[in-house]
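If you're matching them up, the sequences are chains X and Y in order.
Okay, so the first sequence: first residue is 1 according to the working numbering, each after it adds one.
Okay, so the second sequence: first residue is 1001 according to the working numbering, each after it adds one.
Glycine residues also receive a C-beta, built at the ideal position from the N, C-alpha and C atoms.
Computed from a prediction, not measured in an experiment: that's the story for all the values here.
Remarks on the structure that follows.
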Amino acid sequence: MNGQRDRPRQHWVIYALGGGWGHLNRALALGRIAVRRHAVTILTNSSCVEYVLERLDLTPRPPSLLGKGERGDVCLEAIAPDLSRAETCDRVQKFLLQTKYDCLIVDTFPRGLGGELAEILPQLQVPRILVHRDLNPQYVQAKGLAEFVEQHFEQILVPGEGYEVPLAYLPQAQHTAPWLIRSADELMPLDQARSLLRLPTNPTQVVIICASGSAPPSLPGKGAGGLGSTETQLFGTLTYQLHQALPEVTVRCLSPQCPPQCPPELWASHWPGMDCLQMADVVVGGAGYNTTYECAALKVPLISFAFKRLYDRQARRAQQHSYEVCSVTEAIALVKALLQQAAEPRQQRQLSYTNGVFRAVELIESAIAGS
Amino acid sequence: MRLQLTRTALATGQAQTSVLETPIALGREFALMPGILEGNRVSRLVLEDAQVADYHTLIDEQAGELVIVDQSGGQGLRVNGVSTTTSPLQDGDHFQIGSYDLQVQFNPEAAAVSDEEASAAAFNSAGECDRQVGFLFPRRCGRTTTVGCPYCNSGQVNNDPYFYERSYYSGYGTYHSGYWGSNYYDNRDSYAYNAETRNIDFTDADSASFEREADTDFEQDMGAS
Ligand SMILES: [Zn+2]
């Protein structure tokens, strides 16, 4: 990669629209590394953006997370999450047609979350790169995405999702390790993470409930009965019941806000959550992209609920990378079993994992150079 | 008859080659060129140029001879440098419309050019297929590739009416009595076309119309993930 620094600095735009944490977090993971050589703008309508921005304004900022790059800043172009579809699409189109940039990186939705990119992608004169998180094959078929992507994207990056995602067979597809917000050497020091989670000084086993979900819970084939009315409520209930069932274990619920039913003393809030997950012996969460691959990188067993999403296939990820459960009772029983198996305390193991964003930045640079 | 047409944009020198079956219409507006002539499917080649008429010329066989005929009302056609409104075409001839030079070659090395390129002419400037498909519910094909397209690409090849594009059926959408479609209209509640077999003659494109309705969930929720 010699000589890259001498290349003119480029402006990369990352389209990361979509609810929840996944799209924004993945875009930030890429953007904060890309910004070392290029200016980066992330387009987002996530309701989490305010929480993230608040965290970034704290002093000190999380080290090297989003701060000034050598050659530019990561800029968040936030679109209010409650805007109508028409307004959102209009803002996206205006931004993409009126801004100067050298490449467009589209996270997950090739035609845009509201279909708004379909009209403008063909007229953009810059290389277009698709970040291919897994997609519901019905959506791929209904919107003719294979043909669309083949024609309108110069490159497809599969960030650790494997070879069985719907568009991985296209000739432009390239695979990287999962994209993570923290590389192994950047994780928060253990004592800081411990105090952040208010963990007791005497070593006990730690279970972290990762309550990142936002939508009302819906598990395919299961009624809502017993799960609570929202995903966070489910995790709140689980936190309480786990604490009751396993008093000798330290239970923490990690969430931006304290979920209903969750005792406040068991709640902690931090972004990026990966700093905290490294302290866990077992994590319980959804089977979204970040939770799944963060746990995999940290080698922490994940017990997951595969929540139903319109576009994501959590069930597939849950089966491949975690222990899937469907009820609070099942989750508690599995936590017990996994804790009994865990021999060495988590905090003593050496972590070394590959963060796919570095390779992704190289691949995108070569796509731009080759276009 | 199969021809190879190489079009060169005179301004840029950029050349593109298509292999097309006659009759071949050339013009600026795909939809304004005829899709069917005397029962034959017309290959339509779109030339993006303000000097090209919506429907500029037609290349067809007449009495065993290949002939090019101006359709633009005299907006400009030159064959081998000579202004004309109709002219025979020989192998290797050049003709000019708007700011394009086109060369005709007979016996194209068919192997070198795929069917995909041969029908690339169906795509409009947005890269989408403009052909009308659907037996009951007309709609624009809208596909961005002919790869695996049953509606208009393969349909021409395997001659299966199930996949014909709409312009094959001149009476489509005309439900007055006497037209073939009147039975459809009369029996629209039972959708029984053939009174004996009671077969419903849906096509693939029709069922795709229904699919689209069922798939309206996609691209609506801006908070989805
Ligand atoms: Zn078509």
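Check: For X:Leu-351, the nearest candidate out of X:Thr-250, X:His-152, X:Gln-125 and X:Arg-182 (CA to CA); Outcome: X:Arg-182
Check: Residue range of the beta strand (DSSP E) that includes Y:Glu-1021; Outcome: 1015-1021
Check: Where Y:Glu-1061 sits in the DSSP three-state scheme; Outcome: strand
Check: Helix, strand or coil at Y:His-1094 [DSSP, three-state]; Outcome: strand
Check: Secondary structure of Y:Asn-1040, DSSP reduced to three states; Outcome: strand
Check: Contacts that X:Asn-290 makes with chain Y (C-beta to C-beta distance below 8 Å); Outcome: Ordered by position in chain Y, no residue passes the 8 Å Cβ test against X:Asn-290, which lies about 11 Å from the chain.
Check: Limits of the beta strand (DSSP E) - the one that X:Arg-316 falls within; Outcome: Element bounds for X:Arg-316: not the beta strand (DSSP E) but the alpha helix (DSSP H), 314-321.
Check: Spatially closest choice to Y:Phe-1106 from Y:Glu-1061, Y:Gly-1142, Y:His-1056 and Y:Asp-1130, by CA coordinates; Outcome: Y:Glu-1061
Check: Cβ neighbours of X:Ser-64 in the same chain (closer than 8 Å, five flanking residues each side left out); Outcome: Residue confidence for X:Ser-64 is low, a pLDDT of 37 falling below 50, so the modelled location carries little weight; the figure read from the coordinates is stated next. Excluding positions up to five away in sequence, the list reads Arg-32 and Glu-186.
Check: Segment limits, alpha helix (DSSP H) that includes X:Pro-366; Outcome: This sequence places Ser at residue 366 of chain X; Pro is not what is there. From DSSP, the alpha helix (DSSP H) with X:Ser-366 extends over 357-370.
Check: Nearest neighbour of X:Tyr-139, chosen from X:Gly-112, X:Ala-173 and X:Asp-102 [CA to CA]; Outcome: X:Gly-112
Check: Residue environment, X:Arg-198, which counts as buried when at least 16 other CB atoms sit within 10 Å; Outcome: exposed
Check: Short Cβ contact (9 Å threshold) for X:Lys-143 with Y:Glu-1128; Outcome: no
Check: Below-9 Å beta-carbon distance, Y:Gln-1096 vs any chain X residue; Outcome: no
Check: Identity of the residue in X:Ala-331, X:Thr-292, X:Val-335 and X:Val-92 nearest X:Gln-314 by Cα; Outcome: X:Thr-292
Check: X:Pro-127 and X:Cys-103 closer than 9 Å at C-beta; Outcome: yes
Check: Proximity of X:Thr-44 and X:Val-13 at Cβ, strictly below 9 Å; Outcome: no
Check: Nearest-angstrom Cα separation, counted from Y:Val-1067 out to X:Arg-316; Outcome: 60 Å
Check: Closest Cα partner of Y:Ala-1224 within the set X:Pro-8, X:Arg-9 and X:Gly-18; Outcome: X:Gly-18
Check: Cutoff 8 Å; reference X:Arg-171; Cβ partners in own chain excluding five residues on either side; Outcome: It is worth fixing the name first, because residue 171 of chain X is Pro in this sequence and not Arg. Cβ within range, chain order: Glu-150.
Check: Under the three-state DSSP convention, the category X:Pro-264 falls into; Outcome: helix
Check: Buried versus exposed call for X:Gln-244 [16 or more other C-beta atoms within 10 Å across all chains shown]; Outcome: exposed
Check: Residues near X:Gly-370 by beta carbon distance below 7 Å, same chain, minus five either side; Outcome: none
Check: Helix, strand or coil at X:Gly-236 [DSSP, three-state]; Outcome: helix
Check: Limits of the alpha helix (DSSP H) - the one that X:Ile-33 falls within; Outcome: 22-34
Check: Exposure of Y:Ser-1083, with buried meaning 16 or more beta-carbon neighbours within 10 Å; Outcome: exposed
Check: Range of the contiguous alpha helix (DSSP H) that encloses X:Tyr-139; Outcome: 137-142
Check: Stretch-stretch touch, CB-based, cutoff 8 Å, three pairs: the region 231-241 of chain X with the region 323-331 of chain X; Outcome: yes
Check: Which of helix, strand or coil DSSP assigns to X:Arg-9; Outcome: coil
Check: Unbroken beta strand (DSSP E) run spanning Y:Asp-1101, endpoints; Outcome: 1100-1105
Check: For Y:Asp-1070, three-class secondary structure by DSSP; Outcome: strand
Check: Straight-line gap, X:Pro-301 to X:Arg-85 (C-alpha atoms, nearest Å); Outcome: 38 Å
Check: X:Ile-303, DSSP secondary structure in three states; Outcome: strand
Check: Beta-carbon proximity of X:Leu-196 to X:Val-282, cut-off 9 Å; Outcome: no
Check: Whole-angstrom C-beta distance between X:Ala-29 and X:Val-49, which should lie under 8 Å; Outcome: So it is not a contact: roughly 15 Å between Cβ atoms.
Check: Separation of Y:Leu-1010 from Y:Gly-1171, as counted between CA atoms; Outcome: A caution first: Y:Gly-1171 carries a pLDDT of 47, below 50, which makes its placement in the model unreliable, though a value can still be read off. The straight-line gap from Cα to Cα measures roughly 42 Å.
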